[in-house]
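Written below as structure tokens is the structure these notes are about.
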Amino acid sequence: MNIQLKTQNAAASRPLAGKVSLVTGSTSGIGLGIARALAQAGAAVVLNGLGVATEIARTREQLSAEFGVEVSYAAADMTSHQAIADMIAATVASHGRLDILVNNAGIQYVAPLEQFPVEKWDAILAINLSSAFHTTRLALPAMRQNKFGRIVNIASAHGLVGSPFKAAYVAAKHGIVGLTKVTALETAECGITCNAICPGYVYTPLVEAQIDSQAKAHGISREKVIHDVLLAQQPNKHFASVEELGALTVFLASEAAASITGIALPVDGGWTAH
Ligand code: NAD
């Protein structure tokens with residue numbers, strides 16, 4: 401293989417080389433899958449999320465060794481706008497830039513409206529919606545300065561349609577789809593894009609917790625919960641994978657997606673086609 405071809409292949413396999421990314425809620429599930437895909441594409445990664453310090457340190461070392469990129473960790477609690485401000489400031493100070501912001505941190509709680517605990521409403525709105533407002537407003541100055549930025553908001557099919565018993569989650573996810581549109585409009589002339597990904601069910605610890613609680617609530621087996629409850633609305637009857645979401649995020653962060661902004665893209669096996 402000649403040198404020019406080798407260089408082209410290296411650039412194609414690491415399209416985000418030199419970029420700096422931050423993924424909120426990336427110690428688990430979808431966020432971790434996205435962090436892995438960004439690292440594989442050559443971007444430095446700042447991880448964030450809750451978890452056991454030794455496990456997070458192991459994840460950092462593994463990603464860094466496997467993909468040869470810098471992987472750091474910011475412990476910011478997404479319910480604290482001050483902690484978020486400190487995290488963004490530290491990222492820009494240590495890397496001199498922030499190119500790719502993935503707002504992914506999220507929690508779920510399921511209860512009828514009249515019994516919905518007020519503190520759960522507040523926590524879901526803070527983590528699933530307000531944290532993205534804070535990271536975005538604080539990351540934009542560095543992106544504007546570089547005339548480049550990619551913001552990917554992990555919304556949900558519940559950002560497009562509702563389901564009973566998920567008042568806070570559905571409200572927050574519809575909210576983040578709205579925030580995505582406003583961010584896209586305000587940054588469209590600056591080389592910055594902002595898009596929402598709207599997954600249906602993806603098999604992660606967040607969903608695993610729902611399988612158990614629904615099995616208990618309905619007195620049915622896990623298999624029945626998966627097929628008849630969770631995937632009831634998902635026509636392909638299949639969980640999406642964190643790898644699919646990672647690959648999509650890398651695409652949205654790439655030059656090839658420069659003209660895609662303000663969208664809410666379902667990855668839901670046909671759920672929202674109903
Ligand atoms: P998960 O529970 O595996 O991961 C959630 C992440 O958020 C973890 O890293 C956790 O530590 C972090 N987090 C939670 N509270 C936090 C806080 N206060 N501060 C900082 N980090 C915090 O869940 P997941 O399934 O990977 O979900 C990730 C995102 O994808 C969420 O926004 C969720 O709503 C969305 N989503 C998930 C599915 C699904 O089926 N799993 C479907 C659609 C959308």
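Under the numbering used here, the first residue of the sequence shown carries the number 401, and numbering increases by one thereafter.
Glycine included, C-beta positions come from ideal geometry on N, C-alpha and C.
By the DSSP assignment, the alpha helix (DSSP H) with residue i in it spans what residues?
i, result
"ALA532", "531 to 546"
"VAL518", "518 to 525"
"ALA493", "481 to 495"
"GLY611", "A small fix is needed here, since residue 611 is Ile in this sequence, not Gly. Where ILE611 is concerned, the enclosing alpha helix (DSSP H) stretches over 605 to 618."
"ALA647", "642 to 653"
"GLY431", "429 to 440"
"LEU579", "567 to 587"
"THR454", "453 to 467"
Given that a residue counts as buried once 16 or more other Cβ atoms are within 10 Å of its Cβ, and exposed if not, what is residue i?
i, result
"ALA673", "exposed"
"LEU579", "buried"
"ILE430", "buried"
"ARG363", "Residue 363 lies beyond the range of the chain shown here (401 to 674); nothing can be said about it."
"GLY468", "exposed"
"VAL492", "buried"
"ALA555", "buried"
"VAL552", "buried"
"ARG550", "buried"
"GLN515", "exposed"
"ILE484", "buried"
Would you say residue i reaches chain C, if we count a Cβ-Cβ gap shorter than 8 angstroms as a contact?
i, result
"LEU432", "The chain inventory of the structure shown lacks chain C, comprising one protein chain alone."
Just confirm the distance between the C-beta atoms of residue i and residue j, as a whole number of angstroms; I'd bet it's less than 8 angstroms.
i, j, result
"GLY591", "PHE548", "5 angstroms"
"VAL667", "ILE597", "6 angstroms"
"ILE527", "GLY506", "6 angstroms"
"THR661", "ASN595", "6 angstroms"
Which residue from the options puts its Cα closest to that of residue i?
i, options, result
"LEU665", "ILE611, LEU630 and HIS574", "HIS574"
"GLU470", "THR454, MET478, MET487 and LEU447", "LEU447"
"LEU630", "ILE554, LEU501, ILE611 and THR454", "ILE611"
"PHE565", "GLY433, ALA596, ARG458 and LYS520", "LYS520"
"LEU498", "ARG460, LEU645, ALA539 and LEU416", "ALA539"
"GLN508", "GLU644, GLU608 and THR661", "GLU608"
"LEU525", "ILE663, ILE626, ALA588 and ALA567", "ALA567"
"ASN546", "ILE500, GLU623 and GLY425", "ILE500"
"ARG537", "ALA584, GLY669, ASP522 and GLY433", "ALA584"
"LEU648", "SER426, GLY425, ALA417 and GLY433", "GLY433"
"ALA511", "ASN504, ALA658, SER563 and HIS627", "SER563"
"SER480", "PRO415, GLU586 and ASP522", "ASP522"
"THR427", "PRO605, ARG544 and ILE456", "ILE456"
Provide the residue span of the beta strand (DSSP E) that contains residue i, from first to last.
i, result
"ALA444", "444 to 448"
"ILE500", "500 to 503"
"LEU665", "664 to 667"
"VAL423", "420 to 423"
"SER472", "471 to 474"
"VAL552", "549 to 554"
"ASN595", "592 to 599"
Original post:
Is the segment 632 to 647 close to the segment 596 to 610, with three or more CB pairs under 8 angstroms?
Top reply: Counting Cβ pairs under 8 angstroms, three or more are found: they touch.
**OP:** Examine the Cβ distances between the segment 430 to 449 and the segment 611 to 628 and report whether three or more of them are shorter than 8 angstroms.
**Re:** Contact fails: fewer than three Cβ-Cβ distances are below 8 angstroms.
**OP:** Kindly confirm or deny that the segment 448 to 465 and the segment 432 to 439 touch, where touching means at least three C-beta pairs closer than 8 angstroms.
**Re:** Short answer: they touch.
**OP:** Count the CB pairs spanning the segment 552 to 572 and the segment 451 to 459 that are closer than 8 angstroms, and state whether there are at least three.
**Re:** With the cut-off at 8 angstroms, the segment 552 to 572 and the segment 451 to 459 do not touch.
Subject >> Inter-stretch contact (C-beta, 8 angstroms, three-pair minimum) for the segment 645 to 659 and the segment 415 to 426 >> reply: Cβ pair count under 8 angstroms is three or more, so yes.
Original post:
So, do the segment 525 to 544 and the segment 476 to 483 have three or more beta carbon pairs nearer to each other than 8 angstroms?
Top reply: Counting C-beta pairs closer than 8 angstroms gives three or more between the segment 525 to 544 and the segment 476 to 483, which meets the contact rule.
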